[in-house]
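Below is one structure; the comments refer to it alone.
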Amino acid sequence: GISPADAEIWATLRTLTDDRMENLCNAAETLAKRVADEEGLALDITYDDIFLHCENAPDAVDHIRQALDDEKISHGSEGLPMRASEDFGRFRGVSSSAMFFLGAGRDYPNLHNPDYDFPDALIGIGARI
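Per our numbering, the sequence shown starts with residue 942, numbered consecutively.
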C-alpha cells in the first residue's frame, strides 16, 4: 500500500462556555498525542477561529429589550442558547454587552444560503435600536 507522508485532521469544537472549551481542547490534544505516540507519528496542533462564549450582561439585555419595545419590534428568546460560533464574545471583555439578532423574517433565505441578499431595509431598523 501507499502511505501519505503528511496528513491533516481538522475538527470544529464547540461548547457553550469557555471553561468547557478549555477542557474539550485538553481532552482532544491528549487523545491526539496518545495516538500519535502509539503509532510513531509526529504531531503539530494549531488552532484557528477561536471564539469566546457570548454571555449577555443583564443590564445590556434590558437596554436592548427597552429599545425593541420602544420601536415596537417583536422579540423573544426561542432557540437560545445558540451553538453557532460568534466572535461577539470578545466584546464582554471590554464592556457590558449583549448580542441580539435582527431577522428578515421566517420566509427569507437563511444568512448563509447562496440566495441570501441582505435586506437593506433592516439598516434603518437596526440603527434606531
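Every residue, glycine too, gets a C-beta built ideally from N, C-alpha and C.
Any contact of the segment 980-989 with the segment 1026-1045, i.e. 3+ C-beta pairs under 8 Å?
no
Look at the alpha carbon of A1039 and the alpha carbon of A973, and state the distance between them as a whole number of angstroms.
36 Å
Considering K974, what are the terminal residues of the alpha helix (DSSP H) in which it resides?
D959 to E980
With DSSP collapsed to three states, give me the class of D1048.
coil
So S1037 and A1001 are in contact, right, with Cβ under 8 Å, and what is the actual spacing, rounded?
5 Å
Give the secondary structure of A1001 by DSSP, where H, G and I count as helix, E and B as strand, and everything else as coil.
helix
So what does DSSP say about F1032, is it helix, strand or coil?
helix
Of all the options H1053, E1012, L1052 and I943, which has the alpha carbon lying nearest to the alpha carbon of I1070?
E1012
Find the nearest neighbour of S1015 within the set L1021, R1006 and P1022, judged by alpha-carbon distance.
R1006
C-alpha gap between S1018 and R1033, whole angstroms:
20 Å
D1058 to G981, Cα distance in whole Å?
50 Å
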